[in-house]
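Numbering (the numbering used here), first residue to last: 5 to 132. Cβ coordinates follow ideal geometry from the N, Cα and C atoms, glycine included. What you are looking at is a predicted structure, and each value in this text was computed from that prediction instead of being measured. Here's the structure, in structure tokens; my notes come after.
Written out as structure tokens, the structure is:
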């Protein structure tokens, strides 16, 4: 990997991990917004804790360079689900956050898709 691409890869992994970390903390600490969302979809509290655990696993996978593509795939799937939930519930502005949660999900999805692209060789090697 070239130096510029390697730095971009590290940056995207750190951004995605940071957002996942904050989100997991909010879910584990029962932040009112997280509780509201999971009550709205009928998955409070087991779903909230389950998603938080998956986010922690994703963070660990993203931070290990050889496992980053696995974390990126898991993160992409979770963020795709989060974006779909925001759109189907018709709530992009959750409890007055100005769409920050939705925007964070989009940013993480784009980061994860970029990471998959950066680690395409690792992914292909694993599949062959």
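Look at the beta carbons and you see the stretch 100-110 not touching the stretch 48-68: under three pairs across the two are nearer than 8 Å.
For residue 93, no alpha helix (DSSP H) segment is defined, and its DSSP state is neither H nor E. Taking residue 51 as the centre and dropping the five residues before and after it, the same chain places the C-beta of 42 closer than 6 Å to its C-beta, in chain order. Rounded to the nearest whole angstrom, the C-alpha separation of residue 97 and residue 66 is 28 Å. Apart from the 5 residues on each side of it in sequence, residue 24 sits with its Cβ closer than 6 Å to the Cβ of 59, 62 and 63 in its chain, given in chain order. Shown here, residue 112 sits in a helix according to DSSP, grouped into three states.
Between the stretch 71-81 and the stretch 35-49, the count of Cβ pairs shorter than 8 Å is below three; the stretches do not touch. For residue 36, the enclosing alpha helix (DSSP H) stretches over residues 36-44. Residue 48 sits in coil when the DSSP states are folded into three classes, being neither helix nor strand. The Cβ atoms of residue 40 and residue 99 sit closer than 8 Å to each other. Cα atoms of residue 114 and residue 37: separation of roughly 23 Å, rounded to the nearest angstrom.
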